[in-house]
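Participant: Here this note's numbering = 1-based position in the sequence shown + 314. Okay, here's the structure, questions in a sec.
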Amino acid sequence: MATSTVADPRPTEHFFWSIKSGVVESERGVIKQKAGAKVRELREMGVYPSGGPQYFPFARADPLDLMIPLAYRAESKPSEGGLTKTEIGRRIQADTAPHGPSPNWWKKEWERHLERLKKLSPEEYSRWYDFRKKIRELEREYDYDGSGMKEKDGRKGSISWPIKALRRWANGYLAQPWNPTYRMPTEEEVAEYLKNPKEHLSEGDKKLWSKLVSKKAL
């Protein structure tokens, strides 16, 4: 903390304070560079650099399937069978509770849906949709939300290493199926991730695996 004043100037203090400030800024710059390099490295590997989409595997119904027909009704007036945005959110929440999305979830998801329709051909969209369904069903089977996000009541399921491994290599395609950086894993690759997950986990998850799991088979 600098204590020098106009009445009591302390040049030396200013000098060292300036050096310290410069070091801090330099360290921040290095951290940002390292973070940027890590993101580029992951993308080159075909790994999505952030968390993947949440599919609410424990919801009573698939929110996406509920959203699509309801959201189109927002384009019409209530007198013509249309729905308000509030009503759409309320219906989705009611039909997926207690482990579904919040009433506002659909607004961002609708934007993502329209982006997929714009950037994908009907065949490409169908391919993505079927793969998404498969991932959601596997998450239900393995009792784990692969997005890593807890729902409001804490429902998430115990850690599933197979799903963690699968999601690591599938999240890019699930989030951006039009992006050539990310491709859809083949059936053989999916089977491999599920059978031998440890080999396909992130470095962070490998450390967590070593900490939580014994040497017994997964």
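Using N, Cα and C, we set each Cβ at its ideal position, and we do this for glycine too.
Taking only three categories from DSSP, how would you classify Leu452?
Facilitator: Reduced to three states, the DSSP call for Leu452 is helix.
Participant: With respect to 7 Å, is the separation between the Cβ of Ser440 and the closest non-hydrogen atom of the ligand FMN below this value?
Facilitator: This structure lacks the ligand FMN; in fact it carries no ligand of any kind.
Participant: Should Asn305 go down as buried or exposed, given a rule of 16 or more other Cβ atoms within 10 Å for buried?
Facilitator: Since the first residue shown for the chain is 315 and the last is 532, residue 305 is missing from the structure and cannot be characterised.
Participant: Quick check: what's the CA-CA separation for Tyr369 versus Arg481?
Facilitator: If I take the Cα positions, the gap works out to 12 Å.
Participant: Which of the three DSSP states is assigned to Phe445 in this structure?
Facilitator: Correct three-state label for Phe445: helix.
Participant: Whose C-beta lies closer than 7 Å to the C-beta of Arg497 among residues of the same chain, with five residues either side of it excluded?
Facilitator: The residues are Gly360, Tyr487.
Participant: Look at the Cβ atom of Trp424, then the Cβ atom of Leu434, and state whether they are nearer than 8 Å.
Facilitator: No, these two residues do not count as a Cβ contact at 8 Å.
Participant: Would you kindly check if the distance between the Cβ of Leu431 and the Cβ of Tyr439 is under 8 Å?
Facilitator: Yes, these two residues count as a Cβ contact at 8 Å.
Participant: Suppose contacts are defined by Cβ-Cβ distances below 8 Å. Is Pro371 in contact with Arg446 by that definition?
Facilitator: It is not a contact, given that the beta carbons lie outside the stated cut-off.
Participant: Gly435 by DSSP, collapsed to three states: which one?
Facilitator: Reading off the sequence shown, one finds Ser at residue 435, where the question assumed Gly. In this structure, Ser435 counts as coil in the three-state DSSP scheme.
Participant: Give every residue of the same chain whose Cβ lies closer than 7 Å to the Cβ of Arg387, excluding the five residues on either side of it in the sequence, and list them in chain order.
Facilitator: Gly395, Gly396, Leu397.
Participant: Using a threshold of 8 Å, state whether the C-beta atoms of His427 and Ile382 are closer than that.
Facilitator: Closer than 8 Å, so yes.
Participant: Assign Gly366 to buried or exposed, taking buried as 16 or more other Cβ atoms, counted over all protein chains shown, within 10 Å of its Cβ.
Facilitator: Label assigned to Gly366: buried.
Participant: Do Gly460 and Ile449 come within 8 Å of each other at the CB atom, strictly closer than that value?
Facilitator: Yes, the pair counts as a contact, with Cβ atoms nearer than the cut-off.
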